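Numbering (my numbering), first residue to last: 61 to 626. Just below is one structure, and these are the notes that go with it.
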Amino acid sequence: MKKVKVLMLGWEFPPLISGGLAIACYGIAKALAKQTDLTVILPKASQVSILDNANVVGLNNIDVKISKNSLHSHEEISKKYNAFARTLFAEGMENVSPYPSLEKTKTDGTTSQSTHFQTSTYANQFSESTTDTTFFSRFELDEMYGDDVQQKVVEYAEYVAALAADLDFDVIHVHDWMTMLAGIKVKHQSGKPLVIHAHALSYDRAGPDARGWNYDLEKYGMEIADAVIPVSKYTGTIVEKHYGINPQKIFPVHNGVEPVETFRAEKTFPEKLVLFLGRITGQKGPEFFLEVASKVIAKNDNVRFVMAGSGDRLKRTIESGAYRKVGNKFHFTGFLNREKVNKLLAMADVYCMPSVSEPFGLSAAEAAQFGIPCVISKQSGAAEVMQHALTADFWDVDLMAKHIIDLIEDEELRNDVVSKTFDDIKTVTWEHAVEGILEAYSHVLGYDVTSDNPPVEMPLPQTVLKSTEQPEPTTPAAPSDIQKDDLKKIEGIGPKIESILNEGGIYSYSDLSHAKFSKLKSILTDAEGQFSSHDPSTWAEQAELASEGKWKTLEKLQDELNGGKR
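Structure below.
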């Protein structure tokens, strides 16, 4: 099979870790490298960044020549790109890191002032050019954001475009707003399709009123992109509704979680332990966690609460009146490295994630791996995959407190939640995530990139005229040992399309729920008649609910659809 050639543009990547973005990009790249010809371009990389079966290029390790005449050229790229590229140091751009933190971290997770890596990886590939060291001096390994982050983003875009001009690739895959500008320029320059992976958005950090340079760049980038991959259906809805992006090019793909060797550890105190783990920012809802703690302690004082992490809301949280009420039962750890995080997970009795807006929520899945029952916000992607975790709206502190008390006091409930949630996350792997990513690639390239056959472009919709004497095709009978469901219960599917799907080997809700978008489009396109215009983007989602017997949930979803479309 000829592998699709992917040019991936990243910002954070191990060992340079500021938050979940680096972990996610590494997991995706590691799994994607097994099925594609992958090149990853980063602002900075070290020897530790090397991946098997992938070419990881740090701009600090190569020489790239930038023609001054090409900077912000109206002949090469659109005026709108230049508007972003020339808007440097805009007001309000302080602390715009999607993962703000009070501390900087080294590769081992400990705090540090500065860390440098020296390596000559790929240094000879572009030896005929010269390097502008001013750009690289901006990228201290510990500081990828800072007050000059916009200028870093613009200069990264210029250098990536110069490097990409000599590379061979089929599709461009970028992660979050920091690499969108580079992706836009490379798309204009190469004519290759652009796929944007949305891990965290301005909406998550600032709410529905989010506006400004970051928001505008995200909106422009997703409008230009050929496909957008949000890390959850929750984020996909924000992309569509808040940013106005065409839902037909939105492909939600849940993150994966790396399997870890779990263990249990004894606490040094007799009380139950409820854990909050993550950045202490407004997005994560630390104030709500404090309120939940006060309500739980008022009914059961045999509980301690631990908030592990750092961030711009730490000082405010400590100084709040709510903390003064529960201070003897509430503890702050500050930033913890991975080893200490795992030890804390090994001691926890309940995990609480009250996020105001959480695109995914990797920490909740990690907690579930450790056999910890989870109480999580409905405003999260994790709630979509951890369907047996106890959930509440982030503002409903009374319900969250009740869930925690129930899990502490009801052993049978606790064991049931732990067991079922552990089963929920079995498919939360990076290999499973890559299946959805490859589907997005197939969409933008026009052929199935997973096929063993040579790429063949999907045929354009054509009108097929039928002879009046030609008999109507009959639906082949389903084999006797195959379940056949009433697919017409799926909004958007009528008798004729049900017949077409049966002909394509899709008989049951389970068949439909596991069918890839590209396969459904292919079946419709190949069918006799004008069925290629039908949009099957929600059919698998509806079918999954039907196969699980969740008819009320399906009915609620269909109330939100229009002819099966969002």
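Even for Gly, the Cβ is constructed at its ideal location relative to N, Cα and C. Values in this document were obtained by computation on a predicted structure and should not be read as measured data.
Check                                                                                                                                                                                  : Outcome
Looking only at its chain, what residues have a beta carbon closer than 8 angstroms to the beta carbon of Met446, apart from the 5 residues adjacent to it on each side?               : Ala424, Ala425, Ala428, Cys434, Ile436, Thr481, Asp484 and Ile485
Pro290 and Pro319 look like a contact to me (Cβ under 8 angstroms); what is the Cβ gap, rounded to whole Å?                                                                            : Actually they do not touch by this definition, with Cβ atoms about 24 angstroms apart.
In the structure shown, what three-state DSSP assignment does Ala217 receive?                                                                                                          : helix
What is the rounded straight-line gap between the Cα of Val386 and the Cα of Met407?                                                                                                   : 21 angstroms
Do you know how far the Cα of Ala358 is from the Cα of Gly496?                                                                                                                         : 46 angstroms
According to DSSP, what are the bridge partners of Asp97?                                                                                                                              : Lys65
At the level of alpha carbons, what is the spacing between Thr341 and Ala266?                                                                                                          : 11 angstroms
Leaving aside the five residues before and after Gln249 along the sequence, list all residues of the same chain whose C-beta is less than 6 angstroms from its C-beta, in chain order. : Ala221
Beta carbon of Lys344, beta carbon of Arg373: below 9 angstroms?                                                                                                                       : yes
Whose C-alpha, out of Trp599, Ala606 and Ser607, is nearest the C-alpha of Arg626?                                                                                                     : Trp599
How long is the line joining the alpha carbons of Arg398 and Glu444, rounded to whole angstroms?                                                                                       : 26 angstroms
At the level of alpha carbons, what is the spacing between Phe323 and Val457?                                                                                                          : 30 angstroms
Hey, out of Glu283, Ala606 and Lys389, whose CA is closest to Leu241's CA?                                                                                                             : Glu283
Check the DSSP bridge columns for Glu418 and list the partner residues they point to.                                                                                                  : Ser440
Beta-carbon within less than 6 angstroms of Val494's beta-carbon, same chain only, minus the 5 sequence neighbours each way: which residues are those?                                 : Ala91 and Leu92
Hey, how far is the Cα of Glu601 from the Cα of Thr393?                                                                                                                                : 41 angstroms
Based on Cα-Cα distance, which residue from Gly272, Asn306 and Leu572 lies nearest to Val288?                                                                                          : Asn306
Kindly indicate which three-state DSSP category Tyr411 falls into: helix, strand or coil?                                                                                              : strand
Quick check on Ala358: does DSSP put it in helix, strand or coil?                                                                                                                      : helix
Which residues in the same chain have their Cβ closer than 6 angstroms to the Cβ of Leu148, if we skip the five residues on either side of it in sequence?                             : For Leu148, the predicted model reports a pLDDT of 44, less than 50, meaning its position is unreliable; a value from the coordinates is still stated below. So the list reads Gln210 and Gln211, once near-sequence residues are dropped.
Could you check whether His594 and Leu605 sit closer than 9 angstroms to each other, using their CB atoms as the reference points?                                                     : no
What residues are listed by DSSP as bridge partners for Val234?                                                                                                                        : Leu69 and Ile256
Mark Asp269 as exposed unless 16 or more other C-beta atoms lie within 10 angstroms of its C-beta, in which case mark it buried.                                                       : exposed
Identify the residues that DSSP records as bridge partners of Leu333: which are they?                                                                                                  : Arg364
Taking CB distances under 9 angstroms as the criterion, tell me whether Cys412 reaches chain B.                                                                                        : Looking for chain B here will not work: only one protein chain is present.
Is Thr190 helix, strand or coil when you go by DSSP?                                                                                                                                   : Below a pLDDT of 50, predicted positions are generally treated as unreliable, and Thr190, at 35, falls in that range; no measurement from the model is reported.
Give me, in chain order, the residues of the same chain whose beta-carbon lies closer than 6 angstroms to that of Arg474; leave out the 5 immediate sequence neighbours on both sides. : Pro433 and Leu467
What did DSSP end up calling Val457 once you bin it into helix, strand or coil?                                                                                                        : helix
For Gln522, collect the residues of the same chain with a Cβ closer than 6 angstroms to its Cβ; drop the 5 residues on either side in sequence, then sort them by chain order.         : Summary for Gln522: the model assigns pLDDT 35, below 50, so the residue's position carries little reliability, and this model does not support an answer.
Looking at Ile88: is its Cβ nearer than 9 angstroms to the Cβ of Gly316?                                                                                                               : yes
With distances taken from CA atoms, which of Asp586, Glu551, Asp571 and Gly369 is nearest Glu615?                                                                                      : Glu551
Give me, in chain order, the residues of the same chain whose beta-carbon lies closer than 6 angstroms to that of Ala224; leave out the 5 immediate sequence neighbours on both sides. : Val246
Can you tell me whether Phe323 is helix, strand or coil according to DSSP?                                                                                                             : coil
How far does the beta strand (DSSP E) with Pro290 in it extend, from its first residue to its last?                                                                                    : Ala287 to Pro290
I'd like to check one pair, Lys576 with Ser479: are the Cβ atoms closer than 9 angstroms?                                                                                              : no
Could you give the distance in angstroms between the alpha-carbon of Leu396 and the alpha-carbon of Val488?                                                                            : 24 angstroms
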